[in-house]
Structures are given as C-alpha cells and as structure tokens.
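> Sharing a structure with you now.
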Amino acid sequence: MAALSDTPAGQVEQVEQPIAPTVPGWLWYLTEPTRAAVDIGQFAAARPLLRAAPSGDGHTVLVLPGLGFNDGATVALRRFLAGLGYDVHGWGLGLNLGPSVQVVEGMRVRLRELAARGRGKVSVVGWSLGGIFARELAREHPGTIRQVITLGSPYAMTDLRQTRVNPVYRLLARFYEAGAEMPPPEHTRPRFPVPSTSVYSKSDGIVAWRACVSPEGPRAENVAVASSHLGYGYNATVLWVVADRLAQRAGRWRPFTPPPGMTRMFPAS
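Residue numbers in the sequence shown follow the working numbering, run continuously in steps of one, and reach 293 at the last position.
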C-alpha cells in the first residue's frame, strides 16, 4: 500500500516515538466473541437512547470494514447512520483481505465516484484495518475527505505483533502483488491533513489499544470506549461518538464531549 502514502507538500513531520510492541492480554482475546455478542445485544436495547443522537446534514459517508470482513459486517452501523440522514455507502469490494493492488485502486475509484456526486466532501469511517485504509485515503485526497473516524484501527502500530491477527495478515501477504504493502509507521509520517477521531478500547482483545491512538491536536482526538474489537460497529457508545462527530458542521470541528447524563458511559482515557 506504499502508493497510498503520498502526502501533500508543506506538512510538518511528526517526531513522536514509536510504541513498544505489545499485544492484548489473553483474557481479552479469548473473550472477544462473548463480549461482541454482548455488544450486539446491547445495541438492540440501546435503540431508544440512540434515537436521540444528533441528526445528519445529508453529506456522504463511506464505511470501510476490517480484515476478513465485508460490507455485511457494517450493515448495522450504516443503517444507523442512514437513519440519521446521511448518504451512507459500503466499500463494495467484497472481503477485506488486506492492501492488495485491486483493493487500493478500488477504494480510490469508490471515493472518486462518491465525491463526484456533488454533495461536498466525503467522511470516511473505518473499522480496524478499514481505518488504516481510511487514513491513507485522506493523506492522498485531503481535498476530498471531510474527516476520518477510526474504530479500533492500529494505524500507529510499529510492529505486527501488536495485533492478534498478525499470522492471518502474514499468510495473506504472500499472495499480494508487487507494490502491495502496509503504509509506513505513523510516527514517521507528516501530520494528518484532515480532522480525525480515533475510537479505541482498552478491553480490545485483537489489537493493542496504544496502537490505535495518536497525539491529540487542534483537529485530532482519541476517544475511549468500553467495547470488544468485534463489537465496535454495534456498541452504543461507539455509535453515539460516530453520530456526534459526523454531525459537526463542515469547517467547525471540535473535540468530542459526552452529552449530559452519558459521561459515565465513556471511560477515562
């Protein structure tokens, strides 16, 4: 995915140090399926609360799935956002099997198609590996993307051991064509060019949460939630954060603040 690492000139390089290669504890990892089932169950129970989420302005939102998943995994998230008034789209590229040449080019084409509809800039929401892709698209097309929201995306990892799916990725990487690879480490990159929200969970059993965050700034934030990795797309607090971020007026981005009465739902960073 090296071709997606081009950055507009004039950006200032980051100087942050890399993160130590750690992985989530075995308890979090082994309980991922059970905790994801809880997240899905709570999604149904939280629908009355989610009806109070901020409405959208109709702009286009592109949602990218994680490694090994397709648009089916993001149906609940996309339907929720569509219900708020957004023009929501899946990536339409089948299973996410990593940064193959076809996938990288397919995302570019998808973004161009959506931007050409004339509804302004496109917001991109990426789950896990989908979030890494989302950030690379923004680096390449900062004038097309309104903001990026990542859900448990280890874009700041410095070592593949920071994710439990490392063996799967290494297996798939054997089949990639020349030129298909993951982007350079985040700490070596220029500053991110569009507003970004990194949603992460310290109980994530698939990726190291520290690999899912970056230094905060005037247009960059990290929001902690209590969620499993497989449950990000169903977790009520995650959905609220996504709705809140997307509802901001273009050009008036502000850091996330939990609404009154919901503060306890968001753990300390």
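Even for Gly, the Cβ is constructed at its ideal location relative to N, Cα and C.
1) Pull up the distance between the alpha-carbon of PRO239 and that of ALA180, whole angstroms please.
2) Among GLN171, GLU137, ARG102, GLY92, which one has its Cα closest to the Cα of VAL192?
3) If we count the other Cβ atoms within 10 Å of its Cβ and call it buried at 16 or more, is VAL146 buried or exposed?
4) Please state if the CB of SER124 and the CB of HIS253 are separated by a distance shorter than 9 angstroms.
5) Using CA atoms only, rank isn't needed, just tell me which of THR261, ASP228, TRP115 is closest to GLY285.
6) Which residue from THR182, VAL148, LEU88 puts its Cα closest to that of TRP233?
7) Would you say SER79 reaches chain B, if we count a Cβ-Cβ gap shorter than 9 angstroms as a contact?
8) Hey, out of ASP228, SER222, LYS226, whose CA is closest to ARG304's CA?
9) Please report the straight-line C-alpha distance between VAL87 and LEU161, rounded to a whole angstrom.
10) Buried or exposed, going by whether 16 or more other CB atoms sit within 10 Å of the CB of THR281?
11) Do you know offhand how far ALA292's Cα is from VAL266's?
12) Beta-carbon within less than 7 angstroms of PHE157's beta-carbon, same chain only, minus the 5 sequence neighbours each way: which residues are those?
13) Tell me the rounded alpha-carbon separation between VAL172 and LEU54.
14) Nearest CA to the CA of ASN246: which residue from GLY257, VAL128, HIS211, PHE290?
15) Going by other Cβ atoms of all chains shown within 10 Å of its Cβ, with 16 needed for buried, is TRP264 buried or exposed?
16) Below 8 angstroms on the Cβ atoms is my contact criterion, and I expect GLY80 with LEU108 to pass it. Report the Cβ-Cβ distance as a whole number of Å.
So, from the listed chains and residues:
1) 10 angstroms
2) GLY92
3) buried
4) no
5) THR261
6) THR182
7) Of the protein chains in this structure there is only one, and it is not chain B.
8) Since the first and last residues shown for the chain are 25 and 293, residue 304 lies out of range.
9) 12 angstroms
10) exposed
11) 18 angstroms
12) LEU88, MET131, GLY150
13) 30 angstroms
14) PHE290
15) buried
16) 4 angstroms
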